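Numbering-wise (the numbering used here), the sequence shown opens with residue -5 and increments by one. Before any comments, here is the structure.
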Amino acid sequence: MRLRFVGLLIVIMLITLPLHINSEAQATATMTIKMNDVERTNNMVAGVIHNVTIVLPAISDNVTIKAYLQSGYSISNRTNNYSWSYKAGIWTDDLYTNYYLKNDSASYGLSLCFNIAVDATAIASTWCFITYSNDISIIDKLITIETPWAGISMSAPTFYFRVIPYGTGYISSWKSDDAVNSTYLTTKNIGNVPLILTITFESLNAFGSANSFLSTNTTGTFVPNEERRHFIDFQAQSWSPRKSSVKGYINGDPQLLMTPGTVTTKITPQTTFDIVVTVARPGYEVFQMDGVSVQYKTFYTSAYKQTLSLDMYLTGNKTIFLNHDMTNLTFDHFFNQGERTEDELVFSLTDNTEQQVIVNITCSSQPPWKQPSMLAYANFDLRLADNAGTGRFTSTVVVSATAEVTVNPMTQPSVIVIIILIVVFIVIGILLFRTYKKTEEERRKELEDNIRKKKERARKQRKQ
-5 MRLRFVGLLI VIMLITLPLH INSEAQATAT MTIKMNDVER TNNMVAGVIH
45 NVTIVLPAIS DNVTIKAYLQ SGYSISNRTN NYSWSYKAGI WTDDLYTNYY
95 LKNDSASYGL SLCFNIAVDA TAIASTWCFI TYSNDISIID KLITIETPWA
145 GISMSAPTFY FRVIPYGTGY ISSWKSDDAV NSTYLTTKNI GNVPLILTIT
195 FESLNAFGSA NSFLSTNTTG TFVPNEERRH FIDFQAQSWS PRKSSVKGYI
245 NGDPQLLMTP GTVTTKITPQ TTFDIVVTVA RPGYEVFQMD GVSVQYKTFY
295 TSAYKQTLSL DMYLTGNKTI FLNHDMTNLT FDHFFNQGER TEDELVFSLT
345 DNTEQQVIVN ITCSSQPPWK QPSMLAYANF DLRLADNAGT GRFTSTVVVS
395 ATAEVTVNPM TQPSVIVIII LIVVFIVIGI LLFRTYKKTE EERRKELEDN
445 IRKKKERARK QRKQ
């Protein structure tokens, strides 16, 4: 009887042992999905290579991952069904001739790293991923397959760079001494595909090649949801005065694709930004017209009846005519190259030399009654000698109502006179004080005499 009982226990153990092994394997085996070393939460992007790592409960030389559409399918194809296996050191794409299995898959002890992908046409839905070890199911997971798309969002101001004429040097939008007010643009990978980010620039003759501008922080793979900050660097060359805008372009090249055509890049509309470079003297604006540049100040202050000198610097490769049109101002004369003229100015320009022109004007119009100031305008008309074009630029003058009074030094009181007057006042004060003191003393003596006489009369009356 006892032997039968022992035999029955052995039979039961043999029957339940595979179930026990299977239960233990399912409890300890794990699956991790990563895209470019970034872990995914139970989802994969179609067409993009993922690292699917299986950690086994025990070393196995026969592991298979099967993936299929949870809702089922009538015909097996790339849109709904896959199988990858590792057997005796050989990695295999079981259904599509290794098309969806990368040859850099590897095993490390209990870990098997499958570098795999499903086709970009795979149905975006919930899929079943089942892992088998020695033909026994050890992992059963639901994975969401996403449709691939690439996108970049951008937030950028306009970048302004300013250099002096014919100056050279390196300028950056990053200010080491004022990090808070440094100018930068921000990009974010808003798609689900990793990208290689590139920022390029227009190439304008005005500013040499596109290599005059560089951006920071564009190296490395730009993973989904990653946000970056970029500063712009500018290499100034020896340029004559000018002002120009350059566009910057942001592009993303999808990475980790099974084939180059797996992902259609979808970029958001805001993928360009502006850079404005001004080559001018400090405090001057630039007016440009067909190869001619004028540096001038846009704003002056003065007062009624005062004279004012406006200056400008011209460069270019043309012969030009310069005339004036004043509003609430009176034109006096031009001054150029040591000569004074009231007529239209004519001269030839070169790109490597600045010609200075001084314009003398008078603030001849008085602001209206009870108005502290008024606006006046010095308009200048530029005309090219070859009749190729005309242009106008304007300096605004704020004219105050009262002119500054110039005091003639001859009318100013002399310090000596002031000292003499002070001395005279002191002497007069002393004399008045002495006179007052003498008068008071005489009155006191008179009062004392009167008191003495009354006392004598009183004494005589008592004796009688």
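Glycine included, each C-beta is placed from N, C-alpha and C at the ideal position. Note that this is a predicted model, so its numbers are computed, not measured.
Terminal residues of the beta strand (DSSP E) in which residue i lies
| i | result |
| --- | --- |
| residue 248 | 236 to 248 |
| residue 225 | Note, residue 225: premise wrong, no beta strand (DSSP E); not H, not E. |
| residue 182 | 179 to 183 |
| residue 310 | 301 to 310 |
| residue 78 | 75 to 81 |
| residue 89 | Unbroken run through residue 89: none, as it is neither H nor E. |
| residue 376 | 367 to 378 |
| residue 56 | 56 to 63 |
| residue 128 | First-last for residue 128: undefined, no H or E at that position. |
CA nearest to the CA of residue i, picked from the options
| i | options | result |
| --- | --- | --- |
| residue 310 | 247, 379, 23 | 379 |
| residue 218 | 33, 183, 426 | 183 |
| residue 136 | 195, 142, 35, 245 | 35 |
| residue 166 | 224, 290, 228 | 228 |
| residue 122 | 296, 422, 59, 364 | 59 |
| residue 285 | 68, 127, 366, 376 | 376 |
| residue 161 | 271, 394, 95, 43 | 271 |
| residue 177 | 387, 224, 187 | 224 |
| residue 307 | 370, 394, 382, 316 | 316 |
| residue 127 | 147, 342, 104, 120 | 104 |
| residue 373 | 27, 322, 67 | 322 |
| residue 159 | 273, 25, 213, 333 | 273 |
| residue 72 | 57, 82, 93, 55 | 93 |
| residue 367 | 443, 385, 393 | 393 |
| residue 371 | 154, 220, 302 | 302 |
Rounded Cβ spacing between residue i and residue j (contact assumed at less than 8 Å)
| i | j | result |
| --- | --- | --- |
| residue 53 | residue 23 | Actually they do not touch by this definition, with Cβ atoms about 12 Å apart. |
| residue 352 | residue 324 | Going by Cβ atoms, the distance from residue 352 to residue 324 rounds to 16 Å, so no, they are not a contact pair. |
| residue 210 | residue 244 | Not a contact, Cβ separation roughly 13 Å. |
| residue 144 | residue 187 | 5 Å |
| residue 328 | residue 339 | 5 Å |
| residue 215 | residue 192 | Not confirmed; about 12 Å, so no contact. |
Three-state class that DSSP yields for residue i in the structure shown
| i | result |
| --- | --- |
| residue 394 | strand |
| residue 15 | With a pLDDT of only 46 at residue 15, under the threshold of 50, the placement of this residue in the model should not be trusted; the figure read from the coordinates follows. In this structure, residue 15 counts as helix in the three-state DSSP scheme. |
| residue 231 | coil |
| residue 348 | coil |
| residue 217 | coil |
| residue 290 | strand |
| residue 206 | helix |
| residue 156 | strand |
| residue 22 | helix |
| residue 402 | Note that residue 402 scores 46 on pLDDT, short of 50, meaning its location in the model is unreliable; the coordinates nonetheless yield the value given after this. In this structure, residue 402 counts as coil in the three-state DSSP scheme. |
| residue 196 | coil |
| residue 41 | coil |
| residue 187 | coil |
| residue 133 | strand |
| residue 433 | helix |
| residue 441 | helix |
| residue 263 | Per-residue confidence for residue 263 stands at a pLDDT of 46, beneath the threshold of 50, marking its modelled position as unreliable; no derived number is given. |
| residue 175 | helix |
Interface flag, residue i vs chain D, CB-CB below 8 Å
| i | result |
| --- | --- |
| residue 238 | As a matter of chain content, chain D is missing from the structure shown, which is built from one protein chain. |
Inset, instruction - Count the CB pairs spanning the region 120 to 132 and the region 88 to 101 that are closer than 8 Å, and state whether there are at least three. - result: Proximity of the region 120 to 132 to the region 88 to 101 falls short of the contact definition, fewer than three beta-carbon pairs being nearer than 8 Å.
Inset, instruction - For the region 234 to 251 and the region 161 to 171, state whether three or more C-beta atom pairs, one from each stretch, are separated by less than 8 Å. - result: With a cut-off of 8 Å on Cβ pairs, the region 234 to 251 is not in contact with the region 161 to 171, counting fewer than three such pairs.
Legend entry - Segment contact, 8 Å Cβ cut-off, at least three pairs: the region 101 to 115 with the region 70 to 78: The region 101 to 115 vs the region 70 to 78: in contact.
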